[in-house]
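From first to last, the protein sequence lines are chains A and B. Sequential numbering of the first sequence, starting at 1, is according to our numbering. Sequential numbering of the second sequence, starting at 1001, is according to our numbering. Backbone N, C-alpha and C fix where the C-beta goes; we use that ideal spot for every residue, glycine too. Here the structure is a predicted model, which means the values were calculated and not measured. Below: one structure, written as structure tokens.
Number of protein chains: 2
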Amino acid sequence: MTTLTQIMETVMAIAALDTDAQAPHSDADLDAEMGAIGARARAAARTLSRASTDSKVAALTAAARLLRERQAALIAANEKDLAFARDKGIAESLIDRLLLTPDRIEGMAAGLEAIAALKDPIGDVIAEWERPNGLQIQRVRTPLGVIGVIYESRPNVTADAGGLCLFSGNAAILRGGSESFHSSGLIVDCLRAGLVEAGLPPDVVQTIQTRDRAAVGALLRLNAHVDVIVPRGGKSLIERVMAEARMPVFAHLEGLCHVYVHQGADLEKARAIALNAKMRRTSVCGAAETLLIDAAVADEMLPPIVADLKAAGCAILADERARAICPESDPAQDSDWVTEYLDAILSVRVVDGVDQAIAHINGYGSNHTDSIVTEDAAAAEQFLAEVDSAIVMHNASTQFADGGEFGMGAEIGISTGRMHARGPVGAEQLTSFKYQVRGAGHTRPL
Amino acid sequence: MTTLTQIMETVMAIAALDTDAQAPHSDADLDAEMGAIGARARAAARTLSRASTDSKVAALTAAARLLRERQAALIAANEKDLAFARDKGIAESLIDRLLLTPDRIEGMAAGLEAIAALKDPIGDVIAEWERPNGLQIQRVRTPLGVIGVIYESRPNVTADAGGLCLFSGNAAILRGGSESFHSSGLIVDCLRAGLVEAGLPPDVVQTIQTRDRAAVGALLRLNAHVDVIVPRGGKSLIERVMAEARMPVFAHLEGLCHVYVHQGADLEKARAIALNAKMRRTSVCGAAETLLIDAAVADEMLPPIVADLKAAGCAILADERARAICPESDPAQDSDWVTEYLDAILSVRVVDGVDQAIAHINGYGSNHTDSIVTEDAAAAEQFLAEVDSAIVMHNASTQFADGGEFGMGAEIGISTGRMHARGPVGAEQLTSFKYQVRGAGHTRPL
Chain A
1 MTTLTQIMET VMAIAALDTD AQAPHSDADL DAEMGAIGAR ARAAARTLSR
51 ASTDSKVAAL TAAARLLRER QAALIAANEK DLAFARDKGI AESLIDRLLL
101 TPDRIEGMAA GLEAIAALKD PIGDVIAEWE RPNGLQIQRV RTPLGVIGVI
151 YESRPNVTAD AGGLCLFSGN AAILRGGSES FHSSGLIVDC LRAGLVEAGL
201 PPDVVQTIQT RDRAAVGALL RLNAHVDVIV PRGGKSLIER VMAEARMPVF
251 AHLEGLCHVY VHQGADLEKA RAIALNAKMR RTSVCGAAET LLIDAAVADE
301 MLPPIVADLK AAGCAILADE RARAICPESD PAQDSDWVTE YLDAILSVRV
351 VDGVDQAIAH INGYGSNHTD SIVTEDAAAA EQFLAEVDSA IVMHNASTQF
401 ADGGEFGMGA EIGISTGRMH ARGPVGAEQL TSFKYQVRGA GHTRPL
Chain B
1001 MTTLTQIMET VMAIAALDTD AQAPHSDADL DAEMGAIGAR ARAAARTLSR
1051 ASTDSKVAAL TAAARLLRER QAALIAANEK DLAFARDKGI AESLIDRLLL
1101 TPDRIEGMAA GLEAIAALKD PIGDVIAEWE RPNGLQIQRV RTPLGVIGVI
1151 YESRPNVTAD AGGLCLFSGN AAILRGGSES FHSSGLIVDC LRAGLVEAGL
1201 PPDVVQTIQT RDRAAVGALL RLNAHVDVIV PRGGKSLIER VMAEARMPVF
1251 AHLEGLCHVY VHQGADLEKA RAIALNAKMR RTSVCGAAET LLIDAAVADE
1301 MLPPIVADLK AAGCAILADE RARAICPESD PAQDSDWVTE YLDAILSVRV
1351 VDGVDQAIAH INGYGSNHTD SIVTEDAAAA EQFLAEVDSA IVMHNASTQF
1401 ADGGEFGMGA EIGISTGRMH ARGPVGAEQL TSFKYQVRGA GHTRPL
């Protein structure tokens, strides 16, 4: 009976949302609405910053339970989203990102429980020391405050981002893609109900409930209430956020990842890593997009590497020197060195050693994840030191670029910026710190 | 003879600069000039990021020696700046900030040597762990890249900021106040000559050599080449930078610092801390601007605290309840709670306990430095946890808010933001990190 009631409530809520979604908004209206959301988030963040670990765990655990209990309602809401997406003529590959199944709902619930099992970062003493005058100084981890998350269609981001922000003591304002409107709305309801069950303010997690695209602009202007923006999505979204945001951005640029086969490479490792880095999954940001290979070993190593890739269904776009070795490949254009295919396509370039490889990666790459394959320790150390990317690897597949694979638990994304967070952004990266100084009546001499 | 030649060169350089300073600049001209400066900084930063600690120490040591050798030229240049400032009718208190003396030049040189004596943060392994699959992960400290520093008249900031950026592996683009034009130019020359002596690129430290105020705007648009902006100065400068910067800002807001005398305070500690926090130096950002005192002890403690302050020459602006106790004080306006006097003036408010004190500080303060005076451990811990400031203190003067007093060596300022750097910004806070991952041919399972 509960489930039926919930479905009815959901249908009515959806109807209400759709009406709202059609309403026109002026910029001033939007700024006022968003200001109210921001003020509620700020107040909730202040309360949450003092919350116990137990209460945060209780909120996440309750939200996980509610996601499971409301599976039928979630799937019903998701069907509405899917119909909307198909009406818009969205490609089936993107539709799959939007789809919720019982397995995926269970995955979201388990993800929240995994966050709840992490060590609470808030209150951690990062460093402490005593000054010669007896002052005791501690550097203590604190929340960042209010985090705005702007993302595209995958509804599970709603649960992951909301849960991570909550556990790290931050209030979240979530803005998902319009395609996941109904699904994300119900997921947020579960998070908010979980917060209430735990005695915490539901406004720790809010979502922007309008399909009006101008709402994103209003959020990016809300620097009075939003401390940082985390954009997750395609290049145009990220570029818009970085251009418009009036607050710091955890830049999640594309993953233009490279595998560089150095002349000291072991051929079997090079074959396995190139194939895995490109083809394990082509749609993830850690997938390789360009293979660089030293001229000294290209004649020997490039044919078997390319043969593996072609056998797995990968198209090769090669520069002139690589085509001289593998003439059946199509020619690469200059634009290929800066293209994130997210598909079974790999650009290939022959280079003259580690300096040129590093220059190529620092010049064309996106500072995400890059790997050298070599048995030459000196070349590996030079590559690890000089490639200016969040993650630099030696003899490993770029597809390990992932918070889970790093042992960090859930992540909100992979930051390619150098400020504050870099690489996988987990709970710890969503924190700041303060100095707590304890004296005994200390005054400073002149 | 060298000194005379240097003075002549200096005079000619100054003449050239003045001509340049008069030239009108269009926005496009400025953007092109600034783009060239930025590109040189980026290239220099890449080289510097690979430099040894020894070469950075050599550059700083040489620059310190050159500052001492060129004392006469520095004082001659400074006299030109002082004359310019007096022509502009600048107050003598600000003129004093601009003044270079042999002692102050020695202070700058010793400051560079103190930076050179710090532990080099670059390459530090911050954390390392091994994954169950054998992947080895290290989090390694790296430079941030290119740092823009915008500041006002004190020429020593040129040496401090340039030296700190250099040592932490970053290129600096410095923009001092127009009043310190000639002095700062010569200080930068010493830093650049020191870099050349050490075999490092001089463009690690550049200055913007024009008095055109629009140059600041062009610098703030230069997000392609400048990774972070550090503004140091008054409120209007900071607000302009935060509004216009197209890159992250290490916010150095004003220091609206509070001393809160809790009902559990020891009177002698309260008197000593209030007097020191306000009057040791009134012009520093860690000087207290507002005193809060619990109603329960105001009758007893406020009169002696106020008497000490008045005896030291401090004016008191008091709220109604405080005036009922100290009727000779002038009334405080609402605007006083948000005014950084940087002068011998203190606003005073009577509050009803720690919750109200915390609400006042979080509402009116600038998230800089705030101190509670109490013998009540529970009240102290609540204050330290809940006041949302970079530095929170118990039984200590707010004037300890200083990188040197924290044992960090030189600082570029006190950041009041929550992103990346917070509190005193020393060499370590001017760094980022990367993940270095070492495998043995690891590929990621499906």
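Practice prompt. Within its chain, find whatever has a CB closer than 7 Å to the CB of residue 1160 of chain B; leave out the 5 residues flanking it on each side and keep chain order.
Written response: The residue labelled residue 1160 of chain B in the question sits at position 160 within the second sequence. If the five residues before and after residue 1160 of chain B are omitted, its C-beta is found closer than 7 Å to the C-beta atoms of 1111, 1410, 1412, all from its own chain and listed in chain order.
Discussion item. By alpha-carbon positions, which one of B:1188, B:1265, B:1221 ends up nearest to residue 1374 of chain B?
Written reply: Residue numbering aside, residue 1374 of chain B sits at position 374 when the second sequence is read from its first letter. In this structure, B:1265 is the residue among B:1188, B:1265, B:1221 with its C-alpha nearest to the C-alpha of residue 1374 of chain B.
Discussion item. Any beta carbon of chain B sitting closer than 7 Å to that of residue 115 of chain A?
Written reply: As a working note, residue 115 of chain A is residue 115 in the first sequence. Judged by the 7 Å Cβ criterion, residue 115 of chain A is not in contact with chain B.
Worksheet item: Mind pulling the chain B residues with CB within less than 9 Å of residue 273 of chain A?
Response: Here residue 273 of chain A corresponds to residue number 273 of the first sequence, with the count starting at 1. Neighbourhood of residue 273 of chain A in chain B, by CB distance below 9 Å: 1439, 1441, 1442, 1443, in chain order.
Worksheet item: Of the residues B:1346, B:1365, B:1215, B:1351, which one's Cα is nearest the Cα of residue 1276 of chain B?
Response: Start at 1 with the first residue of the second sequence, and residue 1276 of chain B comes out as number 276. Nearest of B:1346, B:1365, B:1215, B:1351 to residue 1276 of chain B, Cα basis: B:1346.
Worksheet entry | Proximity test, Cβ basis, 7 Å: residue 1053 of chain B and chain A | In the second sequence, residue 1053 of chain B corresponds to position 53, counting from 1. For residue 1053 of chain B, the nearest beta carbon of chain A is not closer than 7 Å to its own beta carbon.
Practice prompt. Step through the CB atoms of chain B and report whether any lies within less than 7 Å of the CB of residue 278 of chain A.
Written response: Taking the first sequence and counting its residues from 1, one reaches residue 278 of chain A at position 278. Cβ-Cβ to chain B under 7 Å: no for residue 278 of chain A.
Worksheet entry | residue 1420 of chain B: contacting residues in chain A (beta-carbon distance under 7 Å) | Looking up residue 1420 of chain B in the second sequence gives position 420. Within 7 Å of the CB of residue 1420 of chain B, the CB atoms of chain A belong to 419, 420, in sequence order along the chain.
Practice prompt. Within the same chain, show all residues whose beta-carbon is closer than 6 Å to that of residue 53 of chain A, passing over the 5 residues directly before and after it, in chain order.
Written response: Numbered from its first residue, the first sequence carries residue 53 of chain A at position 53. For residue 53 of chain A, the CB contacts under 6 Å within the same chain, skipping 5 residues up- and downstream, are 120 in chain order.
Worksheet item: Looking at C-alpha atoms only, which residue of A:320, A:344, A:342 is the closest neighbour of residue 333 of chain A?
Response: Translated into positions along the first sequence, residue 333 of chain A becomes position 333. Minimum Cα distance to residue 333 of chain A is reached at A:320.
Fill in: Rounded C-alpha distance that separates residue 1010 of chain B from residue 1274 of chain B
Residue mapping note: residue 1010 of chain B aligns to position 10 of the second sequence, counting from 1. Residue mapping note: residue 1274 of chain B aligns to position 274 of the second sequence, counting from 1. Low local confidence applies: a pLDDT of 43 at residue 1010 of chain B is under 50, so the model's placement there is unreliable, with the coordinate-based value given in what follows. Their backbone Cα atoms lie some 47 Å apart in a straight line.
Worksheet item: With DSSP run on the structure shown, which of helix, strand or coil describes residue 1331 of chain B?
Response: Against the second sequence, residue 1331 of chain B aligns to sequence position 331. Strand, per DSSP.
Worksheet entry | C-alpha distance - residue 50 of chain A paired with residue 1386 of chain B, whole-angstrom precision | Position 50 of the first sequence, counting from 1, holds the residue named residue 50 of chain A. Position 386 of the second sequence, counting from 1, holds the residue named residue 1386 of chain B. A straight line joining the alpha-carbon of residue 50 of chain A with that of residue 1386 of chain B spans about 7 Å.
Practice prompt. Could you tell me whether the segment 1207 to 1215 of chain B touches the segment 1113 to 1131 of chain B, using the rule of 3 or more Cβ pairs below 8 Å?
Written response: Result no; under three Cβ-Cβ pairs closer than 8 Å.
Discussion item. My output table needs one value for residue 165 of chain A: the three-state DSSP class, helix, strand or coil.
Written reply: Residue numbering aside, residue 165 of chain A sits at position 165 when the first sequence is read from its first letter. It is helical.
Item to complete: Please state if the CB of residue 1441 of chain B and the CB of residue 269 of chain A are separated by a distance shorter than 7 Å.
Response: In the first sequence, residue 269 of chain A corresponds to position 269, counting from 1. In the second sequence, residue 1441 of chain B corresponds to position 441, counting from 1. Contact: yes.
Discussion item. Please give the ranges of any alpha helix (DSSP H) in the segment 1321 to 1370 of chain B, keeping only runs that are unbroken, at least 4 residues long and fully inside the region.
Written reply: Listed in chain order, they are 1354 to 1364.
Discussion item. If I measure Cβ to Cβ from residue 158 of chain A and keep anything under 7 Å in the same chain, skipping five residues before and after, which residues do I get?
Written reply: Residue 158 of chain A sits at position 158 when you count from the first residue of the first sequence. For residue 158 of chain A, where only same-chain residues beyond five positions count, the Cβ hits under 7 Å are 174, 176, 184, 187, 188.
Worksheet item: In the DSSP assignment, what residue or residues form a beta bridge with residue 294 of chain A?
Response: For this step, residue 294 of chain A is matched to residue 294 along the first sequence. Under DSSP, residue 294 of chain A forms a beta bridge with A:351.
Worksheet item: Taking three-plus beta-carbon pairs below 8 Å as touching, is the segment 1257 to 1264 of chain B in contact with the segment 1234 to 1246 of chain B?
Response: Short answer: they don't touch.
Worksheet entry | Beta-bridge pairing of residue 1130 of chain B - partner residues as DSSP gives them | Mapped onto the second sequence, residue 1130 of chain B falls at position 130. B:1136.
Worksheet item: So is residue 1026 of chain B buried or exposed if we call it buried at 16+ other beta carbons inside 10 Å?
Response: Taking the second sequence and counting its residues from 1, one reaches residue 1026 of chain B at position 26. Residue 1026 of chain B should be labelled exposed.
Worksheet item: Which residues, taken in chain order from the segment 1118 to 1132 of chain B, show a beta carbon closer than 9 Å to some beta carbon of chain A?
Response: Hits within the stretch, in order: 1123, 1129, 1131, 1132.
Worksheet item: DSSP beta-bridge partners for residue 1433 of chain B?
Response: Working through the second sequence from its first residue, we reach residue 1433 of chain B at position 433. In the DSSP output, where bridge partners are listed per residue, residue 1433 of chain B has B:1141.
Worksheet item: In chain order, what residues of the same chain have a beta carbon less than 6 Å from the beta carbon of residue 429 of chain A, not counting five sequence neighbours either side?
Response: What you label residue 429 of chain A is simply residue 429 of the first sequence in a count that begins at 1. For residue 429 of chain A, where only same-chain residues beyond five positions count, the Cβ hits under 6 Å are 421.
Worksheet entry | DSSP-derived helix/strand/coil call for residue 1076 of chain B | Within the second sequence, the letter at position 76 stands for residue 1076 of chain B. DSSP places residue 1076 of chain B in helix when its eight states are reduced to three.
Fill in: Rounded separation between residue 192 of chain A and residue 33 of chain A - CA only
Here residue 192 of chain A is taken as the residue at index 192 of the first sequence, counted from 1. Here residue 33 of chain A is taken as the residue at index 33 of the first sequence, counted from 1. Near 19 Å, if we compare the C-alpha coordinates of residue 33 of chain A and residue 192 of chain A.
Worksheet item: Closest by CA to residue 1101 of chain B, which one among B:1155, B:1348, B:1419, B:1400?
Response: Counting from one through the second sequence, the residue named residue 1101 of chain B turns up at place 101. Ranked by Cα distance from residue 1101 of chain B, the options B:1155, B:1348, B:1419, B:1400 are led by B:1155.
Practice prompt. Could you tell me which of A:293, A:353, A:324, A:287 sits nearest to residue 340 of chain A, measuring between CA atoms?
Written response: Taking the first sequence and counting its residues from 1, the one referred to as residue 340 of chain A is at position 340. Its Cα nearest to that of residue 340 of chain A, the residue A:287 stands out among A:293, A:353, A:324, A:287.
Practice prompt. Please name the residues in the segment 1400 to 1416 of chain B whose beta-carbon is closer than 9 Å to at least one beta-carbon of chain A, in chain order.
Written response: Residues of the segment 1400 to 1416 of chain B with a C-beta atom less than 9 Å from some C-beta of chain A are 1400, 1401, 1402, 1405, 1406, 1407, listed in chain order.
Worksheet entry | Member of B:1036, B:1315, B:1400 whose CA lies at the smallest distance from the CA of residue 1336 of chain B | As a working mapping, residue 1336 of chain B is identified with position 336 in the second sequence. For the residues B:1036, B:1315, B:1400, the minimum Cα distance to residue 1336 of chain B belongs to B:1315.
Practice prompt. Quick one: which unbroken beta strand (DSSP E) runs of 3-plus residues sit fully inside the segment 1215 to 1245 of chain B? Chain order, please.
Written response: The segment 1215 to 1245 of chain B contains these whole beta strand (DSSP E) runs: 1228 to 1231.
Fill in: Segment contact, 8 Å Cβ cut-off, at least three pairs: the segment 214 to 231 of chain A with the segment 320 to 331 of chain A
Contact between the segment 214 to 231 of chain A and the segment 320 to 331 of chain A is absent: fewer than 3 CB-CB pairs across the two stretches fall below 8 Å.
Worksheet entry | Proximity below 7 Å, CB of residue 1166 of chain B to CB of residue 1228 of chain B | Within the second sequence, the letter at position 166 stands for residue 1166 of chain B. Within the second sequence, the letter at position 228 stands for residue 1228 of chain B. Result no, Cβ atoms of residue 1166 of chain B and residue 1228 of chain B do not sit closer than 7 Å.
Item to complete: Provide the residue span of the beta strand (DSSP E) that contains residue 148 of chain A, from first to last.
Response: The count along the first sequence starts at 1 and reaches residue 148 of chain A at position 148. Residue 148 of chain A -> beta strand (DSSP E) spans 146 to 150.
Practice prompt. Could you tell me how far apart the beta carbons of residue 1401 of chain B and residue 1391 of chain B are, in whole angstroms, since I believe they sit closer than 8 Å?
Written response: Locating residue 1401 of chain B in the second sequence gives position 401, where the first residue counts as 1. Locating residue 1391 of chain B in the second sequence gives position 391, where the first residue counts as 1. Contact annotation, residue 1401 of chain B with residue 1391 of chain B: C-beta distance approximately 5 Å; criterion of less than 8 Å satisfied.
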